[in-house]
Amino acid sequence: MLAQYVYQSTSGLFRIIRHGHRWRALLDEVEVGRFDEPVHAAGAIRDMYSEARVPARIDRWRFLPDAPLGHLGPPTSAAMARLAAA
1 MLAQYVYQST
11 SGLFRIIRHG
21 HRWRALLDEV
31 EVGRFDEPVH
41 AAGAIRDMYS
51 EARVPARIDR
61 WRFLPDAPLG
71 HLGPPTSAAM
81 ARLAAA
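Laid out in structure tokens, this is it:
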């Protein structure tokens, strides 16, 4: 799972997701913009959806850090050796 900020409102689920070196702002599954900083994304969402009462400060959003893929186990020593040789 990618790092993201999440805020649930009556208008839907707002998410700001890290996408490489930029951040994607989404309302439910629809992208509403891309930004260099999550703070700018939160401000833009607040401006676009004023009726949703989205918090202006990013620290009021719920932060979900990067998480490893749960269905993958740790790499074996043989796999690590192949990667080192590549």
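Counted from 1, the sequence shown has number 19 at position 19 by UniProt numbering; the numbering is strictly sequential. In this text, a Cβ means the ideal position worked out from N, Cα and C, and glycines have one as well.
Scanning PRO55, ASP36, ARG57, ALA52 for the CA closest to the CA of ILE17 turns up ASP36.
Spatial neighbours of ILE45 in its own chain (CB-CB distance under 6 Å, excluding positions within 5 residues in sequence) are listed in chain order as PHE14, ALA25, VAL54. With contacts defined as CB atoms closer than 8 Å, GLN4 and LEU72 fail to qualify as a contacting pair. For GLY43, the secondary structure class from DSSP, reduced to helix, strand or coil, is helix.
GLY43 places its beta carbon 8 Å or farther from that of ALA52.
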